[in-house]
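Structure, as structure tokens:
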Amino acid sequence: MAKVAIVMGSKNDFEAVKPAFEVLKKFGVTADVRVISAHRTPHEAAEFAENAAKNGFEVIIAAAGKAAHLAGVIASFTTLPVIGIPVKSSTMDGLDSLLSVVQMPSGIPVACVAINGSENAGILAAQILSLKYPELSAKLSDYKKSLSDKIKKDDQKLQDELSAT
Numbered sequence: 549m550a551k552v553a554i555v556m557g558s559k560n561d562f563e564a565v566k567p568a569f570e571v572l573k574k575f576g577v578t579a580d581v582r583v584i585s586a587h588r589t590p591h592e593a594a595e596f597a598e599n600a601a602k603n604g605f606e607v608i609i610a611a612a613g614k615a616a617h618l619a620g621v622i623a624s625f626t627t628l629p630v631i632g633i634p635v636k637s638s639t640m641d642g643l644d645s646l647l648s649v650v651q652m653p654s655g656i657p658v659a660c661v662a663i664n665g666s667e668n669a670g671i672l673a674a675q676i677l678s679l680k681y682p683e684l685s686a687k688l689s690d691y692k693k694s695l696s697d698k699i700k701k702d703d704q705k706l707q708d709e710l711s712a713t
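Just so it is clear: in the sequence shown, position 35 is 583 by this note's numbering, and no numbers are missing.
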């Protein structure tokens, strides 16, 4: 079955990554969550990334704030797809984190979602995995349909409210 690693630079980042974990769980994807720091535990970060594929991971989601080097460090040690989540910090409202994640050097790509955009990170991981796991593709189609249905219902409610005034 599909397996994703979610790594974060600090335990404090868990609330920011929790939506990714919940989305993956909803789609039936196994997600292991770890605290690994690019700066405080660089050897562990390198070892984790180098062994990720061997340990059954197919996509890695990496979340960090401020300097936010975790996704890039992980990506430099693996060929697996890495999705970066810039975490909003007290400094610059997370803009520093965003720039750290998106400004990767040539040859070391990291996909990036919005600041604290972990729900989209989980969905993107599921979309990547759906190339290999057709059952995920069906679940994603159902999910997208539910989004569309909700907007249509919201629009109808608004139209009803407006016509009543």
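Built from N, CA and C at the ideal position, the CB exists for glycine as well.
Other residues of its chain near residue i: CB distance less than 6 angstroms, five sequence neighbours each side excluded
| i | result |
| --- | --- |
| T627 | none |
| V621 | A586 and A593 |
| R582 | V555 |
| A616 | P634, S645, S648 and V649 |
| A619 | A610, V630, G632, V649 and V658 |
| Y681 | A550 |
| G557 | S585, A612 and L618 |
| E598 | F625 |
Opening and closing residue of the alpha helix (DSSP H) in which residue i lies
| i | result |
| --- | --- |
| V649 | L643 to V650 |
| D690 | P682 to A712 |
| P567 | F562 to K574 |
| A673 | S666 to L677 |
| V621 | L618 to S624 |
Residue nearest to residue i in terms of C-alpha spacing, selected from the options
| i | options | result |
| --- | --- | --- |
| S654 | F562, K614, S624 and A615 | S624 |
| V571 | L672, D708 and K693 | L672 |
| N560 | Y691, N668, S689 and N664 | N664 |
| S666 | G557, S558 and A564 | A564 |
Cβ separation of residue i and residue j, assumed to be a contact under 8 angstroms, to the nearest whole Å
| i | j | result |
| --- | --- | --- |
| V661 | I633 | 6 angstroms |
| F575 | K698 | Not quite, the Cβ-Cβ distance comes to about 18 angstroms (not below 8 angstroms), so this is no contact. |
| A612 | V577 | Actually they are not in contact, since the Cβ atoms of A612 and V577 sit about 22 angstroms apart, beyond 8 angstroms. |
| F669 | A601 | The identity of residue 669 in the sequence shown is Ala, whereas the question assumes Phe. Not quite, the Cβ-Cβ distance comes to about 19 angstroms (not below 8 angstroms), so this is no contact. |
First through last residue of the beta strand (DSSP E) which encompasses residue i
| i | result |
| --- | --- |
| I633 | V630 to V635 |
| V586 | At residue 586 the sequence reads Ala, which differs from the Val that was named. Per DSSP, A586 belongs to no beta strand (DSSP E) and is neither H nor E. |
| V658 | First-last for V658: undefined, no H or E at that position. |
| G613 | V607 to G613 |
| I554 | K551 to M556 |
Neighbourhood of residue i by C-beta, 8 angstroms cutoff - its chain only, sequence neighbours within 5 removed
| i | result |
| --- | --- |
| K551 | V577, T578, A579, D580, G604, F605 and E606 |
| L677 | A550, V552, V577, E606, V607 and L684 |
| A659 | P629, V630, I631, G632 and L672 |
Are three or more beta carbon pairs between the segment 585–593 and the segment 633–640 nearer than 8 angstroms? Flag = no, the segment 585–593 and the segment 633–640 do not touch.
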